[in-house]
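This report refers to the structure that appears directly beneath it.
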Amino acid sequence: MKRAYWSRLHWLLAAFALVAVVAAACGGDDDDDDTGGDGGDVTYGTAGFKVIEIAAGAPVKIGVSSVTSGDLTGLGQPIVDAAILAGEGKTIQGHPIEWVVKDDQCSPDGGAAAANQILQEGVVATVGPICSGAVVAAQPQYEQAGVTHVSPSSTAHKPTFPDRDQVFQTFLRTTYSDDIQGPAQAKFAYGTLQAKTAYIVYDTDAYGSGLRDAFRKAFEAEGGKIVGTPEGFEKKTTDFKSIVTNIQNAKPDLVYFSGFYAEATPFIKQLRAENKDVKFLSGDGVKNDEFTKGAGADAEGAYLSLPSPVYAGDGYRSFTELFEKATGLKVDSSPFVAESYDAATVIITALEKVAEKDGDKLKIDLEKLNEEIRKVELDGAAGKIKFDARGDNVGGETPVSLFVVKNGAYEEVKD
Amino acid sequence: MPPVDAPHLALSVGFWSDQFVNGLTTGSLYALIALGYTMVYGVLKMINFSHGEVFMLGSFAGYGVLAAMGGDDISGVMVAVTILAALIGAMAVSAGTAAVVERIAYRPLRNAPRLAPLISAIGVSIFLQYLVLDQTDARAKFYPDIFPRGDFSAGPFDITYIQTFLIASSLAMMVFLYVIIQRTRMGRAIRAVAENPANASLMGVDVNRTIVMVFVLGAAMAGVAGVLHGLFFQTIRGSMGFLPGIKAFTAAVLGGIGSIPGAVAGGYALGLAETVGRELLNELPGVDLGNQWRDVIAFSLLVTILIFRPTGIFAERASSRA
Chain A
1 MKRAYWSRLH
11 WLLAAFALVA
21 VVAAACGGDD
31 DDDDTGGDGG
41 DVTYGTAGFK
51 VIEIAAGAPV
61 KIGVSSVTSG
71 DLTGLGQPIV
81 DAAILAGEGK
91 TIQGHPIEWV
101 VKDDQCSPDG
111 GAAAANQILQ
121 EGVVATVGPI
131 CSGAVVAAQP
141 QYEQAGVTHV
151 SPSSTAHKPT
161 FPDRDQVFQT
171 FLRTTYSDDI
181 QGPAQAKFAY
191 GTLQAKTAYI
201 VYDTDAYGSG
211 LRDAFRKAFE
221 AEGGKIVGTP
231 EGFEKKTTDF
241 KSIVTNIQNA
251 KPDLVYFSGF
261 YAEATPFIKQ
271 LRAENKDVKF
281 LSGDGVKNDE
291 FTKGAGADAE
301 GAYLSLPSPV
311 YAGDGYRSFT
321 ELFEKATGLK
331 VDSSPFVAES
341 YDAATVIITA
351 LEKVAEKDGD
361 KLKIDLEKLN
371 EEIRKVELDG
381 AAGKIKFDAR
391 GDNVGGETPV
401 SLFVVKNGAY
411 EEVKD
Chain B
1 MPPVDAPHLA
11 LSVGFWSDQF
21 VNGLTTGSLY
31 ALIALGYTMV
41 YGVLKMINFS
51 HGEVFMLGSF
61 AGYGVLAAMG
71 GDDISGVMVA
81 VTILAALIGA
91 MAVSAGTAAV
101 VERIAYRPLR
111 NAPRLAPLIS
121 AIGVSIFLQY
131 LVLDQTDARA
141 KFYPDIFPRG
151 DFSAGPFDIT
161 YIQTFLIASS
171 LAMMVFLYVI
181 IQRTRMGRAI
191 RAVAENPANA
201 SLMGVDVNRT
211 IVMVFVLGAA
221 MAGVAGVLHG
231 LFFQTIRGSM
241 GFLPGIKAFT
251 AAVLGGIGSI
261 PGAVAGGYAL
271 GLAETVGREL
281 LNELPGVDLG
291 NQWRDVIAFS
301 LLVTILIFRP
311 TGIFAERASS
321 RA
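The listed protein sequences derive, respectively, from chains A and B. Start counting the first sequence at 1; every next residue gets the next number (the numbering used here). Start counting the second sequence at 1; every next residue gets the next number (the numbering used here).
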């Protein structure tokens with residue numbers, strides 16, 4: 001009796017374990033090296049554009065897909081706050097703006113779920129998702145609904161060079177692609193930091209693996225060499241010991257980390273416990289005050305890049321004043337807030353042009369809205385904004401800045 | 001053309017011994033947690049899937065004690081005192097939780113069909129995990145960085161102080177458990193109940209009390225593992241119990257679920273398979289497995305064991321070993 005039970009149970013468990021293996025193996029590791037593409041011909045799929053009617057006195061809804069709980073709240077919440085600031089005191093032909101904020105947890109599943117919730121609310125456009133993994137998962141849904149979404153912070157290659165032949169017409173971003181950030185990091189690593197060898201540690205999501213590819217290609221083109229096996233990890237990983245041992249063995253000049261601060265913090269603590277000297281370089285996902293706070297002394301000397309210019313324009317100054325007054329946060333404590341303000345501004349500007357009065361109702365043609373958003377040119381809080389056919393921002397001139405952590409603060413590095 | 005360089009296979013003795021120590025460290029944690037799974041299985045023939053959360057609560061209790069006693073400002077001899085206090089606090093919280101969970105979620109189902117307590121355990125697991133996620137705003141907490149850094153060298157081995165402490169204290173806990181099971185009255189009662197609850201009851205053993213003790217002992221081990229995990233990896237969060245829980249369960253199955261030496265051996269074997277095993281696979285021509293493959297290796301091992309040797313390495317008399 002006991003034996004029969006156990007044999008039934010063990011098949012159940014075997015099946016369960018098999019599922020676990022498959023889940024682990026499919027954990028979003030994106031290994032294709034398709035970083036090519038020089039623009040090429042852009043064709044769009046068919047987006048499900050509709051005309052939305054807004055009843056008398058009813059608000060115009062705009063979605064925000066960001067992270068509002070968990071480790072990355074420090075990244076996501078300021079972005080939400082900045083987007084909402086852009087609508088302060090504004091109406092669309094007398095109709096108030098209502099923000100529909102949903103938490104996408106920076107994950108593919110979360111991005112798709114948040115898209116679902118946002119679209120069900122009947123939004124006319126969306127700011128976000130903020131993470132590339134979530135963007136890639138949610139793009140088909142926004143496209144099908146014909147709702148244009150503008151991400152302030154998704155930097156990966158994939159959103160504007162999707163796996164399918166057609167580009168997503170409904171996706172745009174106010175930040176810059178990692179096809180710009182990766183090479184800039186590589187140039188900095190090889191040229192300025194004199195690192196001839198690099199060891200790669202990356203988040204297996206679209207952002208981490210995309211940035212990894214962009215950096216790797218450019219670093220090798222500079223003449224650098226990637227040593228060891230590039231090491232992937234899932235979000236929420238805390239055990240990096242075995243990676244650190246491999247780094248110690250490979251003796252690289254530089255450790256390159258593409259991921260977010262939530263994992264970079266334990267990683268750099270474990271790295272610095274054994275190696276005080278190796279240079280550490282990472283990107284926008286890590287450049288956050290949460291990183292310097294969490295890693296403390298171990299963050300000292302870390303290099304971080306940000307695909308934004310260090311702004312000086314009027315738009316930036318007035319945004320800074322507005323943001324710091326409204327949130328009590330320093331404007332540079334977390335990245336992409338200015339880009340978020342601009343993304344929301346782009347949407348609102350286009351809405352003001354496209355919305356048509358129909359009696360006391362308001363009519364918004366989503367296709368016209370999409371066209372208008374694509375046409376917007378803006379001297380915004382994060383610099384000049386102008387979109388190409390893929391939805392990439394091509395407005396700025398010096399989009400990548402580099403920083404080093406000194407005495408717990410980020411200091412810009414000029415080369 | 002990238003410059004020609006030595007392939008990454010140029011591995012030194014130091015590399016292998018370092019990975020071996022990494023494997024032992026993770027393995028120690030798996031073994032400590034696996035003990036709870038295997039003891040409960042030995043006595044109740046039930047898989048306590050909430051055990052990973054008991055481990056997580058231990059980690060948070062330890063964090064609470066450390067933070068209350070000064071956090072990052074602790075130094076000197078106070079470090080030892082605080083860590084001891086954290087370990088005791090964690091054991092108490094984990095053991096208390098396990099006892100309450102046993103009373104509320106498992107005891108009413110003791111004579112129900114086998115699947116009922118299993119489902120109940122999964123429910124408790126999810127409840128505890130989301131309770132802590134909710135209370136912590138789902139954010140990570142960082143253990144204070146108080147453990148002295150540095151390492152010992154012994155032959156080819158470079159072992160950091162914290163790794164030494166972790167391996168030694170988990171071994172001490174396992175010996176302590178072994179002594180309790182083999183040498184005390186309570187241990188004898190546990191073994192008797194594992195063998196045959198009805199007979200044990202006829203011989204005057206209080207079965208309910210004994211079963212609570214089994215949960216409490218296993219949970220205390222998990223609580224210690226929680227603090228050690230926190231001190232070593234420094235990052236804890238509400239969802240941290242799930243993966244080590246499943247891994248420890250794998251370790252228990254690997255060793256032969258129900259067997260105490262099996263759980264310990266399985267824990268070390270799994271820890272080594274994930275670290276040294278992955279590097280050995282990487283030695284094969286054309287194989288290049290990054291860190292993201294370690295869970296695949298662990299769970300492939302689980303599938304293989306369940307299919308070909310479901311009773312585990314220490315198969316014989318599994319149910320009689322408590």
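Cβ atoms here follow ideal geometry from the backbone N, Cα and C, with glycine treated the same way.
**Item:** Simplified DSSP state of residue 193/A, which is helix, strand or coil
**Value:** Of the three classes helix, strand and coil, the one that applies to residue 193/A here is coil, per DSSP.
**Request:** Show which residues of chain A have a CB atom less than 9 angstroms away from the CB atom of residue 233/B.
**Result:** Near residue 233/B (Cβ distances below 9 angstroms), the residues of chain A are 238, 239, 240, 241, 266, 269, 270.
**Asked** In three-state DSSP terms, what is residue 95/A?
**Response** In the three-state reduction of the DSSP assignment, residue 95/A falls in the strand class.
**Prompt:** Expressed to the nearest angstrom, what Euclidean distance is found between the alpha-carbon atoms of residue 403/A and residue 307/A?
**Reply:** Near 11 angstroms, if we compare the C-alpha coordinates of residue 307/A and residue 403/A.
**Asked** Using a beta-carbon distance below 8 angstroms, is residue 340/B in contact with chain A?
**Response** Only positions 1 to 322 of chain B appear in this structure, which leaves residue 340/B out of reach.
**Prompt:** In the segment 36-62 of chain B, which residues sit with their C-beta less than 8 angstroms from some C-beta in chain A, listed in chain order?
**Reply:** Going along the segment 36-62 of chain B in chain order, one finds 45 with a Cβ nearer than 8 angstroms to chain A.
**Request:** Assign residue 232/A to one of three DSSP states: helix, strand, or coil.
**Result:** For residue 232/A, the secondary structure class from DSSP, reduced to helix, strand or coil, is strand.
**Prompt:** the segment 275-288 of chain B: which residues have C-beta closer than 7 angstroms to a C-beta of chain A, in chain order?
**Reply:** Within the segment 275-288 of chain B, the residues whose Cβ lies closer than 7 angstroms to some Cβ of chain A are 275, 282, 288, listed in chain order.
**Request:** Output the residue ranges of the alpha helix (DSSP H) runs that lie fully inside the segment 147-189 of chain B and measure 4 residues or longer, sorted by chain position.
**Result:** Complete alpha helix (DSSP H) runs here, min 4: 161-183.
**Asked** Are there 16 or more other CB atoms within 10 angstroms of the CB of residue 184/A, so buried, or fewer, so exposed?
**Response** With 16 or more other CB atoms across the displayed protein chains lying within 10 angstroms of its CB, residue 184/A is buried.
**Asked** Would you call the CB atoms of residue 341/A and residue 85/A closer than 8 angstroms?
**Response** Pairing residue 341/A with residue 85/A gives a Cβ-Cβ distance under 8 angstroms.
**Item:** Residue of 289/B, 290/B, 249/B minimising C-alpha distance to residue 306/B
**Value:** Of the residues 289/B, 290/B, 249/B, the one whose Cα lies closest to the Cα of residue 306/B is 249/B.
**Message:** Taking 6 angstroms as the limit between beta carbons, can you name the residues of its chain near residue 252/A, skipping five residues before and five after?
**Reply:** If you ignore the 5 residues before and after residue 252/A, its C-beta comes within less than 6 angstroms of the C-beta of 197, 198, 199, 227, all in its own chain and listed in chain order.
**Request:** Would you check if there are 3 or more beta carbon pairs closer than 8 angstroms linking the segment 120-132 of chain A to the segment 141-148 of chain A?
**Result:** Below 8 angstroms, enough C-beta pairs join the segment 120-132 of chain A and the segment 141-148 of chain A to call them touching: three or more.
**Prompt:** For the beta strand (DSSP E) that residue 247/A lies in, which residues bound it at each end?
**Reply:** Here residue 247/A belongs to no beta strand (DSSP E); instead the alpha helix (DSSP H) covers 241-250.
**Asked** Do residue 163/A and residue 211/A have their CB atoms nearer than 8 angstroms?
**Response** Their beta carbons are not under 8 angstroms apart, which means residue 163/A does not touch residue 211/A by this criterion.
**Prompt:** Which chain A residues are close to residue 290/B, counting only those with a beta carbon under 7 angstroms from its beta carbon?
**Reply:** Taking the beta carbon of residue 290/B as reference, the chain A residues within 7 angstroms of it are 229, 230, 231, 232, listed in sequence order.
**Prompt:** residue 348/A and residue 90/A look like a contact to me (Cβ under 8 angstroms); what is the Cβ gap, rounded to whole Å?
**Reply:** Their Cβ separation, rounded to whole angstroms, is 6 angstroms, which keeps residue 348/A and residue 90/A in contact under 8 angstroms.
**Request:** Measuring only between beta-carbons, confirm whether residue 8/B sits less than 8 angstroms from chain A.
**Result:** Any reading at residue 8/B must be qualified, since the residue scores a pLDDT of 46, below 50, and its modelled position is unreliable; the value itself is stated next. Nearest CB-CB separation between residue 8/B and chain A: below the 8 angstroms threshold.
**Request:** Tell whether a beta-carbon distance below 8 angstroms holds between residue 129/B and residue 242/B.
**Result:** Cβ distance < 8 angstroms, so residue 129/B and residue 242/B count as in contact.
**Request:** Would you kindly report the start and end of the unbroken beta strand (DSSP E) that includes residue 271/A?
**Result:** Judged by DSSP secondary structure, residue 271/A falls outside any beta strand (DSSP E) and instead within the alpha helix (DSSP H) spanning 261-274.
**Request:** Using the DSSP secondary-structure output, state which residues sit across from residue 393/A in a beta bridge.
**Result:** The partner list for residue 393/A (beta bridge, DSSP) reads 387/A.
**Asked** What are the boundary residues of the beta strand (DSSP E) that residue 173/A is part of?
**Response** Boundaries of the beta strand (DSSP E) around residue 173/A: 171-173.
**Request:** Just mark residue 118/A as buried or exposed, buried being the case when its beta carbon has 16 or more other beta carbons within 10 Å.
**Result:** By the C-beta density criterion, residue 118/A is buried, having at least 16 other C-beta atoms within 10 angstroms.
**Request:** Please determine if the segment 18-26 of chain B and the segment 76-96 of chain B are in contact, where contact requires at least 3 C-beta pairs separated by less than 8 angstroms.
**Result:** These segments do not touch.
**Prompt:** CB-CB under 6 angstroms to residue 124/B, same chain, minus the five flanking residues each way: which ones, in chain order?
**Reply:** Excluding residues within five positions, the ones whose Cβ falls inside 6 angstroms are 50, 101, 105.
**Request:** Say whether the segment 188-198 of chain B touches the segment 35-48 of chain B, bearing in mind that this needs 3 or more beta-carbon pairs closer than 8 angstroms, one atom from each stretch.
**Result:** Taking 8 angstroms as the limit for Cβ pairs, the verdict is that the segment 35-48 of chain B does touch the segment 188-198 of chain B.
**Request:** Pull up the distance between the alpha-carbon of residue 411/A and that of residue 401/A, whole angstroms please.
**Result:** Across the structure, residue 411/A and residue 401/A are spaced so that their CA atoms are roughly 10 angstroms apart.
**Message:** Just to check my reading of the structure: residue 78/A and residue 286/A have Cβ atoms closer than 8 angstroms, yes? What is that Cβ distance to the nearest angstrom?
**Reply:** About 15 angstroms; that fails the 8 angstroms criterion.
**Asked** Hey, out of 283/A, 174/A, 166/A, 169/A, whose CA is closest to residue 215/A's CA?
**Response** Scanning 283/A, 174/A, 166/A, 169/A for the CA closest to the CA of residue 215/A turns up 283/A.
**Asked** CB-CB under 6 angstroms to residue 175/B, same chain, minus the five flanking residues each way: which ones, in chain order?
**Response** No residues qualify anywhere along the chain.
**Asked** Which ranges would you report for the beta strand (DSSP E) in the segment 207-295 of chain B if only whole runs of at least 3 residues count?
**Response** Those beta strand (DSSP E) runs which fall completely within the segment 207-295 of chain B and span 3+ residues do not exist here.
**Reduced DSSP category for residue 402/A - H, G, I as helix; E, B as strand; rest coil** = Residue 402/A: strand per DSSP, three-state reduction.
**Request:** Note down, in chain order, every chain B residue with its Cβ under 9 angstroms from the Cβ of residue 248/A.
**Result:** Neighbourhood of residue 248/A in chain B, by CB distance below 9 angstroms: 14, 15, 18, in chain order.
**Request:** Pick helix, strand or coil for residue 51/B, following the three-state DSSP scheme.
**Result:** DSSP places residue 51/B in helix when its eight states are reduced to three.
**Request:** Name the residue from 260/B, 304/B, 268/B, 219/B whose alpha carbon lies nearest to the alpha carbon of residue 87/B.
**Result:** The residue with the shortest Cα to Cα distance from residue 87/B is 219/B.
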